[in-house]
Amino acid sequence: MQCRSSKELNEFVMEARKFTQHGKVADYIPALGRADPDDLAIAIHYPDGQCVSAGDIQKTFTLQSISKVISLALVLMDRGFDYVFKRVGMEPTGDPFNSIIKLETVNPARPLNPMINAGALVVTHMIKGASVEEKFQRLLAFVQEMANDSTIGYSSEVAQSEFETAHLNRALAYFLKQHKSLDEDVEELMNLYTKQCAIEMNCLDLARIGMVFAMDGADPLSGKQVIPIDIARICKTFMVTCGMYNASGEFAIKIGIPAKSGVSGGIMGAVPGKFGIGIFGPSLNEQGNSMAGIRLLELLSKNFHLSMF
Ligand code: GLU
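Okay, structure coming up:
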């Protein structure tokens, strides 16, 4: 995808890059620990096809938790509202993404929302397909369509690294299986989930996907409604209420853009009716959000009055 460099965005990147030194890269998935903490990139994709960018835009990264919004959209299209929300809730938890506590104390069989790992595992297990491979290929094709990039694949190195170390996610899955929320083999689900999280792209692709969510699921460039409007609306609502982990409230107040982050340092933003944003900055703050990425979004939101509230 062609993207023009923007002087204004370059200035924002220079300003935000100062924050990279205050965070640290995720290393609980060993392969993510090799990221360069100083990397920072942003792209903005407009519905008319224009794209502006700044920073290390050639760098690729894995979607990690950003993929949870996309799998949710696919599963809602596959199964419908009632089927999905019987099995996963709609409420933010205020807990870290991988916490198990509310599963036990609130509802063991229905994780509180699809953005925490417990909820995302239930969602991924609802993707339709006869095998892990078929389910993954459907999800990947959906991602490629939104990004308009058929070369997007996944990092087998990151997927393997997470598969080998996903002890907590296995624990969540076994807990859910005990309570009949999952009927799939846990190892097969881990295989699918770690591949989903390892889908790899650059921030230009991510901005284009954000643009589709921003435009209520429509791709104005292909003329296709890729996601039904009501499903795109549900996804954006989750991005606001739980997209930025247990910092979503503060993010909504200070920035006010539907966004979803991942532990690789990616953030996808969808400014309703206006444009999509893709950010990559692997140095994370305590909640797991890109340190400099948040600063970049703050600068964008303040300078261009982007808060939706
Ligand atoms: N693959 C990661 C996990 O489940 C995703 C976490 C994230 O990006 O928040 O641990």
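Read in the numbering used here, the sequence shown has 140 at position 140, and its numbers run on one by one without any break. Beta carbons: idealized from backbone N, C-alpha and C, even for Gly. Since the model is a prediction, treat every value here as computed from it, not as a measurement.
If the five residues before and after M126 are omitted, its C-beta is found closer than 6 Å to the C-beta atoms of V75, R79, all from its own chain and listed in chain order. As for any beta strand (DSSP E) of minimum length 3 sitting wholly inside the segment 80 to 161, there is none. Using a 10 angstroms sphere on the CB of I253, the tally of other CB atoms stays under 16, which defines it as exposed.
Per the CB criterion, closer than 5 Å to any heavy atom of the ligand GLU, the qualifying residues run in chain order as Q64, S65, F97, N117, C197, G262, V263.
For E187, the secondary structure class from DSSP, reduced to helix, strand or coil, is helix. For C51, DSSP records a beta bridge to H45.
Taken atom to atom, the span from the alpha-carbon of L299 to that of Y154 is near 31 Å.
Beta bridge pairing from DSSP links K24 with L284.
With a 10 Å radius around the Cβ and a threshold of 16 neighbouring Cβ atoms, D27 comes out exposed.
Distance from the Cα of H179 is smallest, within the candidate group I70, Y83, A109, E104, for A109.
Ranked by Cα distance from L182, the first of L297, K86, V52, R34 is K86.
Buried is the label assigned to P92, since at least 16 other Cβ atoms lie within 10 Å of its Cβ. Annotation: the continuous alpha helix (DSSP H) that includes A292 extends over 291 to 304. Measuring C-alpha to C-alpha distances from G33 to each of K24, P47, L40, D39 identifies K24 as the nearest.
Annotated three-state conformation of K180 is coil, per DSSP. Judged by their CB atoms, Q287 and Y245 are nearer to each other than the 8 Å cut-off. Below 8 Å, too few C-beta pairs join the segment 158 to 171 and the segment 220 to 227 to call them touching: fewer than three.
Counted as a single uninterrupted DSSP element, the alpha helix (DSSP H) harbouring G249 occupies residues 248 to 254. Boundaries of the beta strand (DSSP E) harbouring A270: 266 to 271, taken from the DSSP string. Your pair C203 and I42 checks out as a contact, with CB atoms roughly 6 Å apart and the cut at 8 Å.
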